[in-house]
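Count the sequence shown with my numbering and you get residues -12 to 171, in order. Just so it is clear, CB atoms sit at the ideal spot from N, CA and C, and this is done for glycine as well. Notes follow once the structure below has been shown.
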Amino acid sequence: MPVVAVAVADSKLPSVPSTTDLTINVSKDDCNDSSGGKAKLIDNASDVMISSEEKREKLEQLRRRQKELKQKNEVSNLKNLINRQRHLLRTQGQELTESSTQLESVVSDIVSKQTLLNESNKRLEELNHRKKIMEGMMLRATEKLMTARKALGQHKQRNHSRFSTKGYARGAPSLSLDHPTTQD
């Protein structure tokens, strides 16, 4: 029985070895048959070709499925990344809201303290103005008091000198404000 070796080479098939020897057993009857021994051999070769085509189609299907799975994986990874980013954005948004609230509170406190400071400065200016008025009044009153005391002192001196000169002239006892005399 003659053996026919057919070599099939396909470098695109990773799961199938690059070169495969197929052995087809052909009997003498098949070769001597006048009706077509060659036809049977061709049929067997076409079967080999069909199976090779089927393998290529299956390989293409596998590649497509692998590509689809890879794309699904990438989409899933991107969805996860988007969800993590959304979570981070929500967290940062909450922190930003809290910070804004605290900042508004601090600004409000600063405004109220500034208002109190302005009121205190205004009150201080009023008190300083009053102080100047009071100091002026005290200065004028002190000057009047000093003038009055001086006038009183001069008046006493004149009265004292009048009494002392008149009393000695008549022989009356002298009345002095410095030394009071007792009369019974």
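Query raised in the report: Alpha carbon to alpha carbon, how far is N105 from E130?
Result: 37 Å
Query raised in the report: Quick one: Cα of K45 to Cα of E55, how far?
Result: 15 Å
Query raised in the report: What's the gap between the Cα of S148 and the Cα of K137?
Result: 16 Å
Query raised in the report: Apart from the five residues just before and just after R51, which ones in its own chain have a Cβ nearer than 6 Å to its Cβ?
Result: none
Query raised in the report: Roughly how many angstroms separate the alpha carbons of Q72 and E85, rounded to a whole number?
Result: 20 Å
Query raised in the report: Q81 to Q89, Cα distance in whole Å?
Result: 12 Å
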